[in-house]
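Residue 209 in the UniProt record's numbering is what sits at position 209 of the sequence shown, and the numbering runs on without skipping anything. All remarks here apply to the structure that follows.
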Amino acid sequence: MTTDFDHIVIGAGISGLGAAHFSARRGLSTLVLESSERIGGCLNSQRFDTLGGFWTEAGGHTCFNSYGNLLSILDDLGLTAQVQPKVKVGYSLWKDGKRRSVASALHLFEAARSIPRIFSAPKIGRSVADYYGSVLGRRNYRDLLRYAFQAVICQPADDYPAEALFRRKPRRKDVIKAFTFADGLSTIPAAIAAQPGIEVRTSQRITAIEADAAGFRVLLEGADPIICGALTLAVPPNAAAALLPPEYTDARALIGGIGMAEFATLVLVFRNTDLDLPPLAGLIAIEDAFYSSVSRDFLPDPSYRGFAFHFRPGVLDAAAQVERACAVLGVAPSRIAAQSLVHNRLPALRYGHTDLVRQLDAALAGTRLGVTGNWFLGVSIEDALTRSRSESDRLFGP
Ligand SMILES: Cc1cc2nc3c(=O)[nH]c(=O)nc-3n(C[C@H](O)[C@H](O)[C@H](O)COP(=O)(O)OP(=O)(O)OC[C@H]3O[C@@H](n4cnc5c(N)ncnc54)[C@H](O)[C@@H]3O)c2cc1C
């Protein structure tokens with residue numbers, strides 16, 4: 001069978017574009033098929049042309065010098081020298097209708113007594129509530145940490161597997177600790193997609209994928225089938241389960257049980273002069289309609305400030321979300337300079353996930369099918385790329 005491409009990747013988030021980058025760098029012709037109109041998935045810098053290009057992140061906002069796979073891609077693309085340091089601004093709590101310091105919710109004595117356990121307490125196989133409740137104290141977990149964690153993963157955090165949050169990774173000392181880019185993190189997917197050896201097609205409707213001994217046939221709505229030798233699925237678990245070729249029954253059964261948390265992200269921009277609010281990284285909400293708000297204050301702009309509010313699903317309608325966000329920021333809705341609403345999704349991992357991934361890997365072993373995403377090791381950009389790298393090594397050799 002002659003192929004159209006050596007490798008087809010489905011999904012143009014950072015997992016899929018990372019998978020494409022790793023195969024293109026091996027000299028393999030690589031096609032990325034994306035269902036939406038834009039690439040980047042959760043890397044989504046909302047740019048407002050009417051405000052001179054001012055942008056605010058609606059998704060991922062921070063990369064760290066411990067993101068080794070990401071940095072290797074940035075090195076390949078010549079982007080490492082362009083990273084922008086994030087100005088240090090702190091998070092505050094939003095509780096009972098007021099901004100408060102994070103320290104105000106901390107039980108110091110309990111933390112001091114519990115923290116030595118961080119060196120001995122096992123993390124694997126424990127929930128976030130169980131593990132962090134033991135290493136920082138149950139009251140600290142109840143009053144502060146559960147809200148801080150749900151602010152990060154934008155969903156209830158108690159039952160999340162502890163090993164999927166905050167993985168320790170070596171730091172690269174030649175790079176700033178926490179960084180972004182002058183035009184936001186969407187710079188990264190755009191640069192990966194623009195390089196030679198990678199073709200990206202957006203707005204693609206894949207109807208089925210067929211497998212045979214020689215590779216895969218991707219069937220598309222309104223276009224000819226495309227044939228490839230190897231294929232990587234880099235889409236959320238429900239989409240991966242639907243796209244798996246019929247004979248992958250074990251893999252489908254395993255993936256089908258992984259949930260996704262959906263939430264609305266409201267991006268609001270104001271003129272600096274309209275806000276009476278000290279610079280802040282964001283707000284961690286304690287029992288409110290939103291999980292968190294992340295600001296753009298880490299890269300100050302002379303004219304504007306931007307905020308992304310991540311709302312719990314089904315609590316407030318769109319108009320009430322705008323009202324709530326403005327009330328939190330202490331500004332009238334009439335002062336909004338620009339706004340957008342983004343539908344976001346993150347995996348809702350559960351106890352036993354590591355074991356599920358082990359079984360999935362066993363079901364995929366020996367095939368030319370890769371499966372990657374932010375639902376293997378954890379949700380961070382680096383966790384996603386670590387999976388893409390290891391699947392690339394499995395398919396094409398280290
Ligand atoms: C609000 C928020 C804040 C975050 N902050 C950070 C942060 O600061 N630092 C950090 O490291 N991480 C952060 N993350 C996590 C990180 O950004 C994401 O986990 C990561 O970008 C996900 O990449 P992905 O490619 O695995 O998935 P996605 O980005 O979800 O990409 C999947 C892609 O597949 C496409 N797709 C779906 N179905 C199909 C189909 N049938 N056919 C073709 N294409 C399809 C989708 O349209 C999408 O483009 C954040 C995430 C969110 C949402």
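Every residue gets a Cβ at the ideal spot worked out from N, C-alpha and C, and that includes glycine. None of these values were measured; they are calculated from a predicted model.
Secondary-structure assignment with DSSP links Thr30 through a beta bridge to His7 and Ile198.
For the set Leu369, Gly68 and Phe179, the Cα lying nearest the Cα of Pro170 is the one of Gly68.
Cβ contact annotation for Arg296 (same chain, cutoff 6 angstroms, sequence separation greater than five): Thr56 and Gly306, in chain order. As computed with DSSP, Leu219 is found in a beta bridge with Ala208. At the C-beta level, Gln84 and Phe181 come within 7 angstroms of one another. Counting every other CB atom within 10 Å of its CB across the protein chains shown gives Phe166 a total below 16, marking it as exposed. Here the alpha carbons of Arg146 and Ala211 stand approximately 44 angstroms from one another. Using a Cβ distance threshold of 7 angstroms, Pro156 and Ile209 do not count as a contacting pair.
Boundaries of the beta strand (DSSP E) harbouring Asn344: Ile336 to Ala348, taken from the DSSP string.
Remark: three or more beta-carbon pairs, one from each stretch, lie closer than 8 angstroms, so the region 186–200 and the region 17–29 are flagged as touching. Sequence-distant Cβ neighbours of Leu136 in its own chain, meaning closer than 7 angstroms and more than five residues away, are Ala111, Ser114, Ile115 and Leu145. Residue nearest to Cys228 within the set Ala234, Leu219, Pro236 and Glu247 is Leu219 (criterion: CA-CA distance).
Shortest Cα-Cα distance from Ile8 to any of Arg139, Arg142, Ser101 and Phe216 involves Phe216.
Distance from the CA of Gln204 to the CA of Val32, rounded to the nearest whole angstrom, comes to 10 angstroms.
Ranking Ala251, Phe309 and Leu385 by CA distance to the CA of Arg358 puts Ala251 first. Bridge pairing for Ile227: Arg217 [DSSP]. Secondary structure at Val267: strand, using DSSP grouped into helix, strand and coil.
At least 7 angstroms separates the beta-carbon of Ala285 from that of Arg312. Exposure of Val315 is indicated by the presence of fewer than 16 other C-beta atoms within 10 angstroms of its C-beta. Sixteen is the threshold: when 16 or more other Cβ atoms of the shown chains lie within 10 Å of the Cβ of Ile153, as they do, the residue is buried. Around Asp276, the same chain offers Gly330 as residues with beta carbons nearer than 7 angstroms, after the five sequence neighbours per side are excluded. Where His310 is concerned, there is no enclosing alpha helix (DSSP H), although the beta strand (DSSP E) around it starts and stops at Tyr304 to Phe311. If you draw a 10 Å sphere on the C-beta of Asn272, you find fewer than 16 other C-beta atoms in it, and that means exposed. Within the same chain, and ignoring the five residues on either side of Thr80 in sequence, the residues whose Cβ sits closer than 8 angstroms to its Cβ are Leu71, Leu74 and Val175.
Beta-bridge analysis with DSSP links Val294 to Gly282 and Ala308. Under DSSP, Lys95 forms a beta bridge with Lys98. Residue state for Arg47 is assigned as strand, using DSSP reduced to three classes. At the C-beta level, Gly282 and Tyr160 stay beyond 7 angstroms of one another.
Relative to Ser134, the option among Gln150, Asp158 and Ala151 whose CA is nearest is Asp158.
Of the heavy atoms belonging to ligand 1, none sits nearer than 6 angstroms to the Cβ of Cys228.
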